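Encoded as structure tokens, the structure appears first; notes follow it.
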Amino acid sequence: MKKLFVFTLFLTLFLSSFNTKYAFSYKETELDKQKLFKVIKVTDGDTITVSVRGKNESVRLLGIDTPETVDPRKPVQCFGKAAADKMKSFVSGKYVKLIDDATQGNRDNYLRLLRYVYLPDSKATFVNGEMVKQGFAFSYKQYPTKMLNKFNAFEKYARENNLGLWGSCPVNLPKSTLKQIITNPPVQNINKAPAQSGTSYSGGDKDCSDFATHAQAQAFFTSQGGPGSDPHRLDADGDGIACEALP
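In the numbering used here, the protein residues as written are 65 to 311.
Shown next, in the form of structure tokens:
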């Protein structure tokens, strides 16, 4: 009877140990799977959608900025479609690895995840960096990431070699101006705006509903220190353009 008890106890302990080890291994495997996320959609050159545990999450690529393409009220900006197509060639339908940056928030004002995007290939392709290096994106300097110097170096390389937008768009202009250049209107007409109150403004807080046109909002934004300063929060995505939804 004593031998049977000892045997039963040994068997119980063995099975318990086995199940614990197996459960741990299973969790580790699931965790490894979660390190890669399938790309469901490419919105534009710097925004994608991935599936995270069955839920679609929008991801804004850190450190880069590309010309706009998705606002239905505006024509596509210079090289915007090419940037979006390039992003599609990198990630559409593929699995990617997402890395955050401790110097940035987890999400932006639009609740998009802020991440660096890597491909799980033999080169561990850094998608954010390649977009800048190949001339499909700018280094985004308004909210400096820990990789800002690297992005600046990539941008310099692309600019000096006239790659991508640097060889196709009038990028000798300041970036805040370049972002407004679209495929149809001439450059000299893009910054016409009614005069505003200037830097001596001492009224209350302004928001986009206080302006009739984008031109008015942009002029006021600039007079208040934009894009370096945005006390009225008129530039929600930090691209130097105020109240983009206005006509």
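For glycine and all other residues, C-beta sits at the position ideal for the given N, C-alpha and C. These numbers come from a predicted model, not from an experiment.
Counted within 10 angstroms of its Cβ, other Cβ atoms place residue i as buried (16 or more) or exposed
i      : result
Pro184 : exposed
Leu175 : exposed
Ser153 : exposed
Ala276 : exposed
Gly118 : exposed
Thr133 : buried
Lys197 : buried
Short Cβ contact (9 Å threshold) for residue i with residue j
i      : j      : result
Phe143 : Glu121 : no
Val114 : Val103 : yes
Ala146 : Phe218 : no
Asp274 : Arg297 : no
Asp299 : Phe285 : yes
Thr189 : Tyr182 : yes
Those residues which DSSP pairs with residue i across a bridge
i      : result
Asp129 : Phe202
Ile181 : Correcting the residue identity first, residue 181 is Val in this sequence and not Ile. Answer by DSSP bridge pairing, in chain order: Leu162.
Ile112 : Val106, Val123
Arg171 : Leu177
Leu100 : Lys161
Phe190 : Tyr182
Member of the options whose CA lies at the smallest distance from the CA of residue i
i      : options                        : result
Asp165 : Arg124, Phe154, Leu227, Lys197 : Arg124
Thr107 : Lys99, Ser287, Asp135          : Asp135
Met195 : Arg297, Lys187, Ile128         : Ile128
Phe202 : Phe285, Arg179, Pro131, His296 : Pro131
Lys205 : Asn216, Ala281, Gly199         : Asn216
Val191 : Thr167, Arg171, Ala148         : Ala148
Pro208 : Gly169, Leu177, Thr286, Cys233 : Gly169
Distance between beta carbons of residue j and residue i, contact taken as under 8 Å
i      : j      : result
Gly193 : Lys210 : Their Cβ separation, rounded to whole angstroms, is 13 Å, which puts Gly193 and Lys210 out of contact at 8 Å.
Gly109 : Lys158 : No, Gly109 and Lys158 are not in contact; Cβ-Cβ is about 16 Å, not under 8 Å.
Lys187 : Lys99  : No, Lys187 and Lys99 are not in contact; Cβ-Cβ is about 18 Å, not under 8 Å.
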